[in-house]
Structure formats: structure tokens, C-alpha cells
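Step one of this worksheet: look at the structure below.
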Amino acid sequence: MPYATLLLDLDHTLFDSDASEALAFAQALAAVGIDEPARYFPTYDAINRGLWAAVERGELPTAAIKVVRWERLVATAALDADPQVLADAFLIGMGQHGELYPGAREVLAALAARADLALGLVTNGLSEVQRARIARLELDAYFDAIVVSSEVGVAKPAPAIFDVAFAQLADPPRASAVMVGDSLTSDLRGGRAAGIATCWFNPHGKPAADRALIDHEIAALAELLALV
Ligand SMILES: [Mg+2]
555 MPYATLLLDL DHTLFDSDAS EALAFAQALA AVGIDEPARY FPTYDAINRG LWAAVERGEL
615 PTAAIKVVRW ERLVATAALD ADPQVLADAF LIGMGQHGEL YPGAREVLAA LAARADLALG
675 LVTNGLSEVQ RARIARLELD AYFDAIVVSS EVGVAKPAPA IFDVAFAQLA DPPRASAVMV
735 GDSLTSDLRG GRAAGIATCW FNPHGKPAAD RALIDHEIAA LAELLALV
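Convert by adding 554 to the 1-based position in the sequence shown; the result is the number in the numbering used here.
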């Protein structure tokens with residue numbers, strides 16, 4: 555500390571992904587004539603979480619998530635629906651819905667205003683979804699580098715995705731860099747593997763499964779301003 559390079563996660567760190575996903579899920583089911591999203595969401599959620607965990611383990615490319623989660627839901631819940639139609643409607647909905655958490659934009663603006671700071675967005679996600687969100691929320695104004703896992707073929711926690719971010723930032727020193735995110739398994743494990751400091755965004759005061767991964771812990775994004 556103080557850090558000069560901040561790498562930030564998007565989903566559940568800056569962006570209310572739960573709201574985005576719930577609205578997109580209802581929109582996807584409506585596209586195939588199903589109007590009971592609450593009945594199917596828990597099954598979808600378990601399938602989706604399992605697939606993202608496989609992405610983090612390097613067992614599945616990010617882009618495969620797109621249709622596989624719907625193929626599995628259709629099979630598991632015995633739905634009469636085309637997984638591709640569900641997948642297409644869902645991606646559009648995910649891009650269209652959801653907002654930054656309250657206060658997140660103000661923190662981004664304050665960080666971006668600092669000429670001595672480099673800001674990177676490093677997200678495990680699908681290009682179609684994340685680029686639509688980034689454009690709609692005008693996030694590119696704040697970041698010097700934006701790395702989306704499906705575009706680069708590697709996902710957090712693999713060090714290679716951090717290498718892409720550092721290359722986009724013209725290789726700043728890793729000793730003064732920190733990865734900020736809500737996920738111990740992707741953001742913090744990834745930061746560790748990339749040889750940079752870690753900051754856990756933990757707004758709900760969850761117990762940590764592995765404290766050794768955590769250099770800093772914050773409950774509100776505004777606390778970042780004290781780290782730079
Ligand atoms: Mg996240």
C-alpha cells in the first residue's frame with residue numbers, strides 16, 4: 555500500500571448480478587411460453603453455479619456456459635423448450651437488466667479521476683452479456699483495461715487472464731497492484747496466483763473459507779479509496 559493499480563471484478567462487486575439474472579431468467583422462460591420462473595430458478599441456479607465452478611477449474615471454456623446450462627435445465631426439469639431459444643433470450647436479458655450497486659459509480663469516478671492510478675476490469679463472463687452491460691452503463695469511461703474471460707479464452711483464477719490485463723495496462727509493477735472482488739475462488743485465488751495483493755469485497759460479512767487468500771477486506775466499495 556498504497557496501491558497504484560486496481561483490478562476490479564464486475565459481477566457481485568460493482569454490479570447487481572442477482573437482479574439482472576432474475577429478470578433475464580423470467581424473460582428467457584417467457585420466450586418459450588413458460589410463466590413460472592420461480593418454479594425453475596433454483597434448478598437453473600444450481601446448474602449454472604456448477605458450470606461456473608468448472609470454468610474456474612479450467613475444465614470448461616466460458617463460452618460453453620451459454621447453451622449448456624439451458625440444455626441441462628431442459629433435461630433436468632423436462633421442459634418442452636429449445637435450449638438455443640432460451641440461451642439467446644437470456645443473453646439479451648442479462649445485457650439489458652441490472653444496475654451498479656448504489657455508490658459504485660461514485661467510487662469508480664473518484665478512482666478514475668486519479669491520474670496516478672490504473673484501473674482494470676477483469677471479469678469471468680460472456681462477451682455478449684458483459685459488453686452490453688459495459689456499454690449501457692458507460693463503464694469504459696472509468697477503465698484503462700477491460701478483460702472478459704470468454705474473449706481471451708482463459709478465466710480467473712488462472713494467472714493468464716491477469717497477464718492479459720497487465721499487458722493492456724503496459725505492465726505496471728505487480729508489487730503495487732491489488733485484485734478486488736467478491737469471490738475467494740476466482741478473484742482472490744487468482745490475485746494470489748498472479749502475484750498481486752488481494753482485497754475481498756464482503757458486504758454481507760460472510761465468514762471466509764480461506765483467510766490466507768485475503769490481504770484486505772472491505773464491506774463497502776468506498777473503503778477502496780483508503781487503499782490507493
Ligand atoms: Mg464476482
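Note that beta-carbon positions come from the ideal geometry of N, C-alpha and C, so glycine has one too.
Residue i beta carbon near ligand 1 (any heavy atom closer than 7 angstroms)
{"i": "G735", "result": "yes"}
{"i": "H758", "result": "no"}
{"i": "D570", "result": "no"}
{"i": "D599", "result": "no"}
{"i": "T739", "result": "no"}
{"i": "T752", "result": "no"}
{"i": "T616", "result": "no"}
{"i": "D698", "result": "no"}
{"i": "H566", "result": "yes"}
Classification of residue i by the beta-carbon crowding that lies within 10 angstroms, buried from 16 upward
{"i": "P556", "result": "exposed"}
{"i": "H651", "result": "buried"}
{"i": "E692", "result": "exposed"}
{"i": "R690", "result": "exposed"}
{"i": "P761", "result": "exposed"}
{"i": "R668", "result": "exposed"}
{"i": "A757", "result": "According to the sequence shown, residue 757 is Pro rather than Ala. Burial call: exposed."}
Option in the options with minimal Cα separation from residue i
{"i": "D764", "options": "S737, L781, L680 and A776", "result": "S737"}
{"i": "L568", "options": "F755, L645 and A766", "result": "F755"}
{"i": "Q581", "options": "V639, G612 and L560", "result": "V639"}
{"i": "D599", "options": "G587, R668, T630 and S704", "result": "T630"}
{"i": "L562", "options": "F720, V621, H758 and V586", "result": "F720"}
Below-8 angstroms beta-carbon distance, residue i vs any chain C residue
{"i": "N756", "result": "Although the question refers to chain C, the structure presented lacks it and comprises just one protein chain."}
Beta-bridge pairing of residue i - partner residues as DSSP gives them
{"i": "W754", "result": "G735 and E771"}
{"i": "I700", "result": "L675"}
{"i": "F569", "result": "D565 and L654"}
{"i": "T559", "result": "A672 and A731"}
I'd like to know if the stretch 657-670 and the stretch 594-601 are in contact, where contact means that at least 3 CB-CB pairs between them fall below 8 angstroms.
no
Does the stretch 630-646 come within contact of the stretch 741-761, defined as at least 3 CB pairs closer than 8 angstroms?
no
At least three beta-carbon pairs within less than 8 angstroms, the stretch 571-588 to the stretch 694-713:
no
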